[in-house]
């Protein structure tokens, strides 16, 4: 067992970390204050990402990407996790699900997305269908060679900057042992399509500048050519994407936790009370010990899950374990970092309060902690017939 990074992987870590520190950190306070990323700034970040050869790095070389494996890409996401998501979203990583594009769709969607000429967003969640995805009400009915779509999606991340959206829509229904469930089809929907509207979503305490949107479909007509994959087989094309996004959440949680920890560690070594550094007191030093232990454990869980994916091993449970542990670890670490700083930890002079608020959503999106525990427990019990 070799846990060391290869020379190439270490170069990836160093390059992306340097990028985040020089191109992302300087703009974070302004984005946090305004909740807005100027369009020109986003374009500049994307341009610089292309210059260092990392735009679309999660895609194979055959379509213009860097061809990183899951482990290397997880390292990229871990380092990006140190920065504001409102800014790092422009460090282009298009949805991997676009690899399901057919030849015509590749020219219109996949290749422009990998080049950075178009941005995508992905829409699945609805007001009445979060964890219960197959309960979605956004529905498309067949009309000749077209589909007529009606319904609403919400909590759709960064759709405000997207040129097109990858949307999961109910197209039928089937009987299952647990009752009727929707058949789901995946569609590619261009911004500006008649009957399709992207509206500003809700104001969130987490990840300011990384906006959520509401999508509405009002008799929106989509030709069958806009279907990604096959009719009623939306989940078939989603599986790999779901793996990747949960790994991303775990990895970014590790990166953000390490940044919060660095603040706490340095403060504990420098801040003096009663004539000595506060880190000399076990009340503080033991917190640091617990924090770094949990961070390292989450890091290893995440990289191990990515390694399993790269080696074609079953990894659903391992990815769920990484996601639930890393996101809950981040909540504990950011909370303890603030405790070490005391009152100053909650002041806007430091980013710790932002880390603390941002941490809260990680346990909800891309599958709640409860859903991850369901995945883990079913994986353990099903082979035993339970």
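Numbering (UniProt numbering), first residue to last: 1 to 386.
C-beta atoms are modelled at their ideal positions from N, C-alpha and C, and glycine is treated no differently.
Taking all protein chains shown into account, decide if residue i is buried (16 or more other Cβ within 10 angstroms of its Cβ) or exposed.
i           : result
residue 298 : buried
residue 194 : exposed
residue 159 : buried
residue 136 : buried
residue 109 : buried
residue 40  : exposed
residue 103 : exposed
residue 93  : buried
residue 1   : exposed
residue 246 : buried
residue 386 : exposed
residue 274 : exposed
residue 178 : exposed
Name, in chain order, the residues that DSSP records as bridge partners for residue i.
i           : result
residue 147 : 142 and 222
residue 369 : According to DSSP, which records beta bridges pairwise, residue 369 is partnered with nothing at all.
residue 272 : 277
residue 217 : 151 and 196
residue 233 : 184
Once DSSP output is grouped into helix, strand and coil, what is the label at residue i?
i           : result
residue 191 : coil
residue 168 : strand
residue 89  : coil
residue 350 : coil
residue 101 : coil
residue 127 : coil
residue 362 : coil
residue 117 : coil
residue 157 : strand
residue 52  : coil
Whole angstroms is fine: what's the gap from residue i's alpha carbon to residue j's?
i           : j           : result
residue 266 : residue 283 : 16 Å
residue 55  : residue 377 : 37 Å
residue 346 : residue 356 : 9 Å
residue 244 : residue 9   : 18 Å
residue 85  : residue 57  : 17 Å
residue 320 : residue 127 : 24 Å
residue 155 : residue 225 : 26 Å
residue 150 : residue 125 : 15 Å
residue 47  : residue 202 : 29 Å
residue 351 : residue 271 : 18 Å
residue 362 : residue 249 : 7 Å
Locate the alpha helix (DSSP H) running through residue i, then write down its first and last residues.
i           : result
residue 305 : 282-310
residue 199 : Run containing residue 199: none in the alpha helix (DSSP H); it sits in the beta strand (DSSP E), 196-200.
residue 122 : Where residue 122 is concerned, there is no enclosing alpha helix (DSSP H), although the beta strand (DSSP E) it sits in stretches over 120-123.
residue 314 : Looking at the DSSP string, residue 314 is not in any alpha helix (DSSP H), and its letter there is neither H nor E.
residue 77  : 70-80
residue 25  : 25-34
residue 15  : 7-19
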